[in-house]
Amino acid sequence: CIHRIVYLDSDLVLVDDIAKLAATPLDENTVLAAPEYCNANFTSYFTPTFWSNPTLSLTFAGRKPCYFNTGVMVIDLQKWREGDYTTKIIEWMELQKRIRIYELGSLPPFLLVFAGTIAPVDHRWNQHGLGGDNYRGLCRNLHPGRVSLLHWSGKGKPWVRLDANRPCPLDALWAPYDLLQTPFALES
1 CIHRIVYLDS DLVLVDDIAK LAATPLDENT VLAAPEYCNA NFTSYFTPTF
51 WSNPTLSLTF AGRKPCYFNT GVMVIDLQKW REGDYTTKII EWMELQKRIR
101 IYELGSLPPF LLVFAGTIAP VDHRWNQHGL GGDNYRGLCR NLHPGRVSLL
151 HWSGKGKPWV RLDANRPCPL DALWAPYDLL QTPFALES
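Read the sequence shown against the UniProt record's numbering and you will find it ends at 188, with the numbers running on by one and no gaps.
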């Protein structure tokens with residue numbers, strides 16, 4: 001039975017040994033590790049309906065919740081199963097179907113269940129935001145420091161910009177893996 005997995009979004013390029021990421025320490029009470037960004041204000045991911053509800057607004061009580069990126073996660077599957085975390089995430093999604101309590105898609109349910117309880121992953125494993133500014137689509141540069149993983153999170157995707165002949169400078173790092181380009185492209 002598999003005990004640990006590494007989940008990676010499809011809009012990234014790994015430039016280091018994934019075994020190093022997979023070896024991220026998880027203590028006996030920690031289910032998940034991900035890059036955390038405690039300087040980011042994640043309250044905007046949740047609606048005024050969420051924050052004005054006396055029960056829902058207590059969700060993060062007793063935790064130091066930080067935004068974390070679900071595009072790069074190390075998960076202890078045994079603890080996941082024992083804690084029935086799939087059900088917990090689905091319950092938040094079911095509530096969202098009845099009452100709009102958050103914005104965006106898959107991130108908020110993970111924040112609701114795990115924020116403030118995860119093991120941190122070094123930020124070199126998530127050079128995120130390379131998809132650009134979500135409001136104006138501006139290109140971004142690498143964050144300072146070492147790089148183990150390039151992540152085009154955000155609105156702009158390198159394959160779209162490359163196909164449109166309007167790439168950002170860092171999209172050149174994606175180009176060798178573009179499935180529509182040779183040697184991967186299917187002949188017409």
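The C-beta atom is built at its ideal place from N, Cα and C for all residues, glycine as well. Every value quoted in this text rests on a predicted model; they were computed, and no experiment measured them.
By a beta-carbon distance limit of 8 angstroms, L149 contacts Q127. Their separation comes to about 6 angstroms. Judged by DSSP secondary structure, V160 falls within the alpha helix (DSSP H) whose first and last residues are 158-163.
Under the three-state reduction of DSSP, H143 is assigned to coil, being neither helix nor strand.
Residue environment: I101 is assigned as buried (16 or more neighbouring CB atoms within 10 Å of its CB, all protein chains considered). For Y37, the pairing in a beta bridge is given by DSSP as Y67. In the DSSP assignment, Y85 falls within the alpha helix (DSSP H) that extends over 85-98. In the structure shown, the three-state DSSP call for V6 is strand. Membership of L111 in the alpha helix (DSSP H) is indicated by the continuous run 107-114.
H3 and V31 have their C-alpha atoms some 11 angstroms from each other. Under the Cβ criterion (8 angstroms, minimum of three pairs), the stretch 36-44 does not count as touching the stretch 76-94.
When secondary structure is reduced to three states using DSSP, H128 falls in the coil class, being assigned neither helix nor strand.
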